[in-house]
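> The number in this note's numbering is simply the position in the sequence shown, starting from 1, with 1017 added.
Got a structure here, written out as structure tokens. Questions coming.
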Amino acid sequence: MTYKWNSADAQQYAEQFASLLCDEFFKNKESISGAEVLQISEIKQLNLLVIKNLYDKWQEENTRLKSPFFDYSNPEVKEALESFMNVLSRHISVNQKTFQSLLSKATFDTLQLAAEPQAFFEGQLRNLPDFKLSKSWIDKNSKYFVFNKHILNKLGEKTGDINVFANEAIQWLKEIIASEGTEDPSDLLADLNNILPLYVGKAAGKTSFFDEALNGSASTNPVRLKPTEEPLPEIPAKPIPVKVKIDKPVALQEEAMARLNEKHSGTSVTLNERIISENTKNLLDLHQKKKISSLKEGISFNQRHLFVRNLFAGDLDAFNQTLEALETYSSYDQAINHLEQNTVKQFQWKAGSEEAGEFYAHLERKFA
1018 MTYKWNSADA
1028 QQYAEQFASL
1038 LCDEFFKNKE
1048 SISGAEVLQI
1058 SEIKQLNLLV
1068 IKNLYDKWQE
1078 ENTRLKSPFF
1088 DYSNPEVKEA
1098 LESFMNVLSR
1108 HISVNQKTFQ
1118 SLLSKATFDT
1128 LQLAAEPQAF
1138 FEGQLRNLPD
1148 FKLSKSWIDK
1158 NSKYFVFNKH
1168 ILNKLGEKTG
1178 DINVFANEAI
1188 QWLKEIIASE
1198 GTEDPSDLLA
1208 DLNNILPLYV
1218 GKAAGKTSFF
1228 DEALNGSAST
1238 NPVRLKPTEE
1248 PLPEIPAKPI
1258 PVKVKIDKPV
1268 ALQEEAMARL
1278 NEKHSGTSVT
1288 LNERIISENT
1298 KNLLDLHQKK
1308 KISSLKEGIS
1318 FNQRHLFVRN
1328 LFAGDLDAFN
1338 QTLEALETYS
1348 SYDQAINHLE
1358 QNTVKQFQWK
1368 AGSEEAGEFY
1378 AHLERKFA
């Protein structure tokens, strides 16, 4: 599988990706801790690169803070400084603006590591301290990689206990990749795509972001992400089943679903049948939750992603516009009618879609 790397498009994607995750995470938080950084996404490689970038920035700042009036090579000073930095490391606290920049860079790095691993590692080697590769550097940095980690391991074997200039290390890198190859990036790219669809970029006049990326599994619809919407709700550590109580009779929903079923009478399974059968437990749980004041309220990150990807063809603007339109109605019947006449037809919602059932259940909570 070959990839066409486009750094401008990758940078644009990385910024949108970071904005999406940060808007959600910092909904009710002022800062993020070290433990939370490791859980910011379900992509372990991405999370590790965020930590790596944070550590690198910290080391740069620490170097700048060293005073010329003191001997930092003194063993006692070194020990005290190391102890102090260890304490600091257990109390990481990063604000949204700073963290979003770190996350954007880590996302860009993850894309390059997947699409252009040789260029990625060459960049790492060209930025080596004193332009030399050492076993110590490899030991410290290899822990930040789970993807293509074998490349660093092989470099470590060749380096041994000696220090080599970066130019020689880069030549070794090329030989290692030529003989050992690189890992298939499809799964890593798919993980990114599941959070924010990879799309055809325009920044460099290319026809594709990655050529054959994800073997066609990437979304063909561009994501027009705009940071003007309300912040997303906080990401829970693990999905928690929601339990809601709704005293409203379900007659209105059944009537609305009946009308929708008539429109899908040619399908083997109607949305109503799907909801009654496969999603009964989901809906019963949802019905036990309190009424919501707005449709954006209570939508988890995973729900939002699934709704946008599977019900709105990846179009975030259309999703937000639909929510805004539904908010203008005073009754569930009116909202359902608008949904059926516009969104369901436009995006051809599938009868039997679990996401459609969840969306209807969420809508009912608004009018409960």
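Ideal Cβ placement from N, Cα and C applies to all residues, glycine included.
Just so we're clear, the structure is a prediction, and the values are computed from it rather than from any experiment.
DSSP puts residue 1182 in a beta bridge; with which residues?
As a working mapping, residue 1182 is identified with position 165 in the sequence shown. For residue 1182, which the question treats as bridged, DSSP gives the partners 1149.
> With H, G and I counted as helix, E and B as strand and the rest as coil, what does DSSP make of residue 1163?
Within the sequence shown, numbered from 1, the residue matching residue 1163 stands at position 146. Three-state DSSP puts residue 1163 in coil, outside helix and strand.
> Would you say residue 1215 and residue 1030 are within 9 Å of each other, going by their C-beta atoms?
By one-based count along the sequence shown, residue 1215 stands at place 198. By one-based count along the sequence shown, residue 1030 stands at place 13. A contact, by the Cβ cut-off of 9 Å.
> Is it buried or exposed, residue 1179, if we count other Cβ atoms within 10 angstroms and call 16 or more buried?
The residue you call residue 1179 lines up with position 162 of the sequence shown. Per the 10 Å Cβ criterion, exposed.
> What separation, rounded to the nearest whole angstrom, lies between the Cα atoms of residue 1162 and residue 1138?
Position 145 of the sequence shown, counting from 1, holds the residue named residue 1162. Position 121 of the sequence shown, counting from 1, holds the residue named residue 1138. C-alpha separation (whole angstroms): 11 Å.
> Just confirm the distance between the C-beta atoms of residue 1172 and residue 1186, as a whole number of angstroms; I'd bet it's less than 8 Å.
Translated into positions along the sequence shown, residue 1172 becomes position 155. Translated into positions along the sequence shown, residue 1186 becomes position 169. With 8 Å as the limit, residue 1172 and residue 1186 qualify as a contact, their Cβ atoms being about 7 Å apart.
> In the DSSP assignment, what residue or residues form a beta bridge with residue 963?
Because the chain spans 1018 through 1385 in this model, residue 963 falls outside it and cannot be assessed.
> What is the DSSP secondary structure of residue 1026, counted as helix, strand or coil?
Counting from one through the sequence shown, the residue named residue 1026 turns up at place 9. Three-state DSSP puts residue 1026 in a helix.
> Buried or exposed: which applies to residue 1365, given that a residue is buried once 16 or more other Cβ atoms fall within 10 Å of its Cβ?
For the purposes of this step, residue 1365 is identified with residue 348 of the sequence shown, where counting begins at 1. Per the 10 Å Cβ criterion, exposed.
> Within 10 angstroms of its Cβ, does residue 1133 collect 16 or more other Cβ (buried), or is it exposed?
Counted from its first residue, the sequence shown places residue 1133 at position 116. Burial call: buried.
> Leaving aside the five residues before and after residue 1058 along the sequence, list all residues of the same chain whose C-beta is less than 7 Å from its C-beta, in chain order.
The residue labelled residue 1058 in the question sits at position 41 within the sequence shown. Cβ neighbours of residue 1058 beyond the five flanking positions: 1038, 1064, 1212.
> Taking DSSP as the reference, what is the three-state secondary structure of residue 1247?
Reading the sequence shown from its first residue, position 230 is the one you call residue 1247. Confidence is the limiting factor: at residue 1247 the pLDDT is only 41, short of 50, which leaves the residue's position unreliable and the question unanswerable from this model.
> Exposed or buried, residue 1375, counting other C-beta atoms within 10 Å across all chains shown (16 or more means buried)?
Looking up residue 1375 in the sequence shown gives position 358. Burial call: buried.
> Could you check if residue 1383 is buried or exposed, using at least 16 other CB atoms within 10 Å of its CB as the buried criterion?
Indexing the sequence shown from 1 puts residue 1383 at position 366. Flag for residue 1383 reads buried.
> With the cut-off set at 9 Å, would you say residue 1130 and residue 1066 are in Cβ contact?
Within the sequence shown, the letter at position 113 stands for residue 1130. Within the sequence shown, the letter at position 49 stands for residue 1066. Yes, these two residues count as a Cβ contact at 9 Å.
> Count the other C-beta atoms from every protein chain shown that fall within 10 angstroms of the C-beta of residue 1055, then say buried if there are 16 or more, exposed otherwise.
On the sequence shown, position 38 is the one that residue 1055 refers to. The residue is exposed, with fewer than 16 neighbouring Cβ atoms inside 10 Å.
> Going by the beta-carbon positions, is the gap between residue 1353 and residue 1380 smaller than 9 Å?
Here the question's residue 1353 lines up with position 336 in the sequence shown. Here the question's residue 1380 lines up with position 363 in the sequence shown. Closer than 9 Å, so yes.
> Tell me whether the beta-carbon of residue 1127 lies closer than 9 Å to the beta-carbon of residue 1209.
Locating residue 1127 in the sequence shown gives position 110, where the first residue counts as 1. Locating residue 1209 in the sequence shown gives position 192, where the first residue counts as 1. In contact: residue 1127 and residue 1209 (Cβ atoms closer than 9 Å).
> Are the Cβ atoms of residue 1109 and residue 1049 separated by less than 9 Å?
Within the sequence shown, numbered from 1, the residue matching residue 1109 stands at position 92. Within the sequence shown, numbered from 1, the residue matching residue 1049 stands at position 32. A contact, by the Cβ cut-off of 9 Å.
> For residue 1376, name the three-state secondary structure that DSSP assigns.
Translated into the one-based positions of the sequence shown, residue 1376 becomes position 359. Helix at residue 1376.
> Considering residue 1210, what are the terminal residues of the alpha helix (DSSP H) in which it resides?
Here the question's residue 1210 lines up with position 193 in the sequence shown. Taken as a continuous stretch (DSSP letters only), the alpha helix (DSSP H) holding residue 1210 covers 1203–1212.
> Got a sec? Which residues, its chain only, sit under 7 Å from residue 1148 by beta carbon, not counting five neighbours each side?
One-based indexing of the sequence shown puts residue 1148 at position 131. Result list for residue 1148: 1182, 1183, in chain order.
> Using the C-alpha atoms, what's the distance from residue 1361 back to residue 1347?
The count along the sequence shown starts at 1 and reaches residue 1347 at position 330. The count along the sequence shown starts at 1 and reaches residue 1361 at position 344. Roughly 20 Å between the two C-alpha positions.
> Is it the case that the Cβ atoms of residue 1053 and residue 1113 are separated by a distance below 9 Å?
Counting from one through the sequence shown, the residue named residue 1053 turns up at place 36. Counting from one through the sequence shown, the residue named residue 1113 turns up at place 96. Result no, Cβ atoms of residue 1053 and residue 1113 do not sit closer than 9 Å.
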